[in-house]
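A.B. asks: Have a look at this one.
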Amino acid sequence: MPTSNTPTPPTKSSPTNPFSALLARVGLDPFLLALAGAVGLAYLAPSIGSDESPIPWHQITTFGVGLIFFFYGLRLSLDKLRAGMRNWRLHVLVQLTTFVLFPLLALAARPFFAHEENATLWSSIFFLTTLPSTVSTSVVMVSIAGGNIPAAIFNASISSLIGIVATPLLTSLVLNTDTGGVNLGGLITDLLLQVVLPVVAGVLLNARFGAFAARHSNALRLSDQFVILLIVYTAFCESFARHVFEGYSALGIAALSLGMAGLFFLVYGLVTLVCRLLGFSHEDRITAVFCGSKKSLVHGTVMANLLFPSTAATGALLLPLMLYHAIQILIASIIARAQGRKVEQAAAQPVALPS
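Per the numbering used here, the sequence shown starts with residue 8, numbered consecutively.
Right, dumping it as structure tokens:
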């Protein structure tokens with residue numbers, strides 16, 4: 008086998024310091040450890056990151072999400088964005104998965120929650136299945152895994168818009184809740200300010216500053232991960248501060264966690280199968296599975312407060328969502344990193360020239 012004395016340049020996932028190299032040798036991902044650390048810190052001192060904290064966490068994470076999408080837009084040319092929007096089969100699959108497949112799976116599982124004491128638990132699971140996909144984490148995971156970023160941004164944004172109407176509608180039809188007074192205007196405004204406008208601004212500046220974004224892709228990836236850590240930390244601080252997990256035994260929470268993991272893998276597997284049957288490219292398959300399998304904690308928390316005001320069971324309603332949110336980030340991070348390494352290794356292989 009031929010060898011070369013020229014050192015191979017590190018890829019974007021290569022360890023850049025001795026500590027990262029040590030973790031890589033033992034099979035640990037620093038980002039996953041950071042996620043676990045964020046949850047641990049939230050458990051030890053939830054008041055620091057909760058809504059009662061004097062630190063304006065909401066404003067910080069809102070700014071961070073907007074910054075993520077600005078730099079995503081900066082890396083997108085208008086031609087690439089148009090190409091992503093034209094992929095209608097991918098968009099239809101993602102939205103059908105989010106708002107049709109998920110609720111149907113919850114309805115199919117309803118007979119297993121026939122006992123009266125399980126009614127609230129099933130309602131909370133069905134509420135989870137009606138939520139739109141995440142925005143920031145979906146796109147970040149697609150980016151890490153080497154998927155179709157323009158299509159991911161398009162699908163995540165459209166999912167959030169559809170969810171503003173679909174979540175209250177599905178919830179009211181099945182759970183008989185009163186959806187009057189939902190502040191749709193506020194939700195649409197947040198979506199425009201945090202997602203649409205930053206992306207548009209970035210795309211418009213792509214011709215001038217796109218090369219700068221490409222040169223600093225490593226730093227931008229780290230900033231993406233940092234924002235995710237902040238979102239996870241503040242979300243778990245709020246859940247611990249509100250005692251969401253009280254009233255559940257360790258065995259009960261473990262069983263519910265397994266159920267949420269099973270739901271994630273079931274949807275992930277079904278979408279993967281459909282993508283293969285439809286002949287999707289590797290990039291589109293990554294986008295479909297990561298955008299289609301996610302559920303938004305942000306939308307869920309807001310909608311729970313709007314749809315179930317002054318309800319004693321609101322905390323229990325959020326428990327499956329909290330667990331699913333944590334599971335989807337942890338599992339998707341592992342899968343995204345593995346997919347990203349495969350893409351990088353394939354790109355690093357020398358192209359065989361015809362003799």
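Beta carbons are placed, not taken as given, at the ideal position from N, Cα and C, and that holds for glycine. On a predicted model such as this, the values are computed, not experimentally measured, just so you know.
1) For I342 and E123, I'd like the C-alpha separation in whole angstroms.
2) For the alpha helix (DSSP H) containing N162, name the first residue and the last one.
3) Would you call K349 buried or exposed, if buried means 16 or more other Cβ atoms sit within 10 Å of its Cβ?
4) Sort A221, A214 and L324 by Cα distance to E253 and report the nearest one.
5) Under a three-way DSSP split, which group does S303 fall into?
6) For L204, which three-state DSSP category applies?
7) Please classify D291 as buried or exposed, where buried requires at least 16 other C-beta atoms within 10 Å of its C-beta.
8) Classify T137 as helix, strand or coil using the three-state DSSP reduction.
9) Measure the alpha-carbon distance for G307 versus L138 and round it to whole angstroms.
10) Please classify P63 as buried or exposed, where buried requires at least 16 neighbouring CB atoms within 10 angstroms.
11) Would L135 and K302 be called neighbours here (beta carbons separated by less than 8 Å)?
12) Which residue from T241, L280 and P175 puts its Cα closest to that of A311?
13) If we count the other Cβ atoms within 10 Å of its Cβ and call it buried at 16 or more, is E245 buried or exposed?
14) So E245 is in the alpha helix (DSSP H); what residue range does that whole segment cover?
15) Cα-Cα, which of Q102, S130 and V281 is closest to G170?
16) Is it the case that the Cβ atoms of G299 and L100 are separated by a distance below 8 Å?
17) Is it buried or exposed, L81, if we count other Cβ atoms within 10 angstroms and call 16 or more buried?
18) With distances taken Cα to Cα, identify the nearest neighbour of L263 among I55, M329, L304 and P53.
19) Under 8 Å, with one C-beta from each stretch per pair, do the region 224 to 244 and the region 50 to 69 reach the 3-pair mark?
20) DSSP state of Y255, grouped into three classes?
21) Which whole-angstrom value describes the C-beta separation of L108 and F287, a residue pair presumed to lie in contact below a C-beta threshold of 8 Å?
22) If the criterion is Cβ atoms closer than 8 Å, does the pair I293 and G153 meet it?
23) Go ahead and pull the three-state DSSP assignment for D58.
24) Where do the N-terminal and C-terminal ends of the alpha helix (DSSP H) with P118 fall, by residue?
25) Per DSSP, what kind of secondary structure is G347 in: helix, strand or coil?
26) Can you say whether D185 is buried or exposed, counting buried as having 16 or more other CB atoms within 10 angstroms of its CB?
27) Assuming the contact rule is C-beta atoms closer than 8 Å, L83 and V202 should be a hit. Round their C-beta distance to whole Å, please.
28) N125 by DSSP, collapsed to three states: which one?
29) Please go through the same chain and pick out, in chain order, the residues whose beta-carbon is closer than 7 Å to the beta-carbon of L212, but skip the five residues on each side of it.
30) Does the structure place the region 229 to 240 close enough to the region 41 to 59 that three or more beta carbon pairs sit under 8 Å?
31) Let me confirm a value: T10 is counted as buried when at least 16 other C-beta atoms fall within 10 Å, else exposed. Which label applies?
C.D. replies: Reading from the atomic positions:
1) Taking the sequence shown and counting its residues from 1, the one referred to as residue 342 is at position 335. Taking the sequence shown and counting its residues from 1, the one referred to as residue 123 is at position 116. For I342 and E123, the gap between their C-alpha atoms comes out near 38 Å.
2) For this step, residue 162 is matched to residue 155 along the sequence shown. Element bounds for N162: I156 to L182.
3) Start at 1 with the first residue of the sequence shown, and residue 349 comes out as number 342. Exposed: under 16 other Cβ atoms inside 10 Å.
4) In the sequence shown, residue 253 corresponds to position 246, counting from 1. Selected option, being the one with the closest Cα: L324.
5) The residue you call residue 303 lines up with position 296 of the sequence shown. Look at S303 here: in three-state DSSP terms it is coil, with no helix or strand label.
6) In the sequence shown, the residue the question calls residue 204 occupies position 197. L204: helix per DSSP, three-state reduction.
7) As a working mapping, residue 291 is identified with position 284 in the sequence shown. Buried, because 16 or more other Cβ atoms sit within 10 Å of the Cβ of D291.
8) Within the sequence shown, residue 137 is the residue found at index 130, counting from 1. Reduced to three states, the DSSP call for T137 is coil.
9) Looking up residue 307 in the sequence shown gives position 300. Looking up residue 138 in the sequence shown gives position 131. Answer to the nearest angstrom: the Cα atoms are 6 Å apart.
10) Here residue 63 is taken as the residue at index 56 of the sequence shown, counted from 1. Exposed: under 16 other Cβ atoms inside 10 Å.
11) Counting from 1 along the sequence shown, the entry for residue 135 is found at position 128. Counting from 1 along the sequence shown, the entry for residue 302 is found at position 295. Going by C-beta atoms, L135 is nearer than 8 Å to K302.
12) The residue you call residue 311 lines up with position 304 of the sequence shown. Measuring from the Cα of A311, the nearest candidate turns out to be P175.
13) By one-based count along the sequence shown, residue 245 stands at place 238. Buried, by the Cβ-count rule.
14) Within the sequence shown, the letter at position 238 stands for residue 245. That run of the alpha helix (DSSP H) goes S224 to A248.
15) The residue given as residue 170 occupies position 163 in the sequence shown. Answer by Cα proximity: Q102.
16) For the purposes of this step, residue 299 is identified with residue 292 of the sequence shown, where counting begins at 1. For the purposes of this step, residue 100 is identified with residue 93 of the sequence shown, where counting begins at 1. Yes, the Cβ-Cβ distance between G299 and L100 is below 8 Å.
17) In the sequence shown, the residue the question calls residue 81 occupies position 74. Buried.
18) Taking the sequence shown and counting its residues from 1, the one referred to as residue 263 is at position 256. The residue with the shortest Cα to Cα distance from L263 is M329.
19) A contact exists between the region 224 to 244 and the region 50 to 69.
20) Within the sequence shown, the letter at position 248 stands for residue 255. Residue state for Y255 is assigned as coil, using DSSP reduced to three classes.
21) Translated into the one-based positions of the sequence shown, residue 108 becomes position 101. Translated into the one-based positions of the sequence shown, residue 287 becomes position 280. The pair is not a contact, with the Cβ atoms about 16 Å apart (cut-off 8 Å).
22) Taking the sequence shown and counting its residues from 1, one reaches residue 293 at position 286. Taking the sequence shown and counting its residues from 1, one reaches residue 153 at position 146. Closer than 8 Å, so yes.
23) Position 51 of the sequence shown, counted from the first residue, corresponds to residue 58. Correct three-state label for D58: coil.
24) Translated into the one-based positions of the sequence shown, residue 118 becomes position 111. Premise fails: P118 is in no alpha helix (DSSP H) and is neither H nor E.
25) Counted from its first residue, the sequence shown places residue 347 at position 340. For G347, the three-state secondary structure derived from DSSP is helix.
26) The count along the sequence shown starts at 1 and reaches residue 185 at position 178. Only weak support exists for where D185 lies, its pLDDT of 45 falling under 50; the coordinates are left without a value.
27) Counting from 1 along the sequence shown, the entry for residue 83 is found at position 76. Counting from 1 along the sequence shown, the entry for residue 202 is found at position 195. Your pair L83 and V202 does not check out as a contact, with CB atoms roughly 13 Å apart and the cut at 8 Å.
28) Here residue 125 corresponds to residue number 118 of the sequence shown, with the count starting at 1. Three-state result, N125: helix.
29) Sequence index remark: in the sequence shown, residue 212 carries index 205 (1-based). Once the five neighbours on either side are set aside, the close Cβ partners of L212 are L81.
30) A contact is defined here as three or more CB-CB pairs under 8 Å, and the region 41 to 59 meets this definition with respect to the region 229 to 240.
31) Position 3 of the sequence shown, counted from the start, is the residue given in the question as residue 10. For T10, the predicted structure reports a pLDDT of 41, less than 50, and the residue's modelled location is therefore unreliable. A value from the coordinates is still provided. The residue is exposed, with fewer than 16 neighbouring Cβ atoms inside 10 Å.
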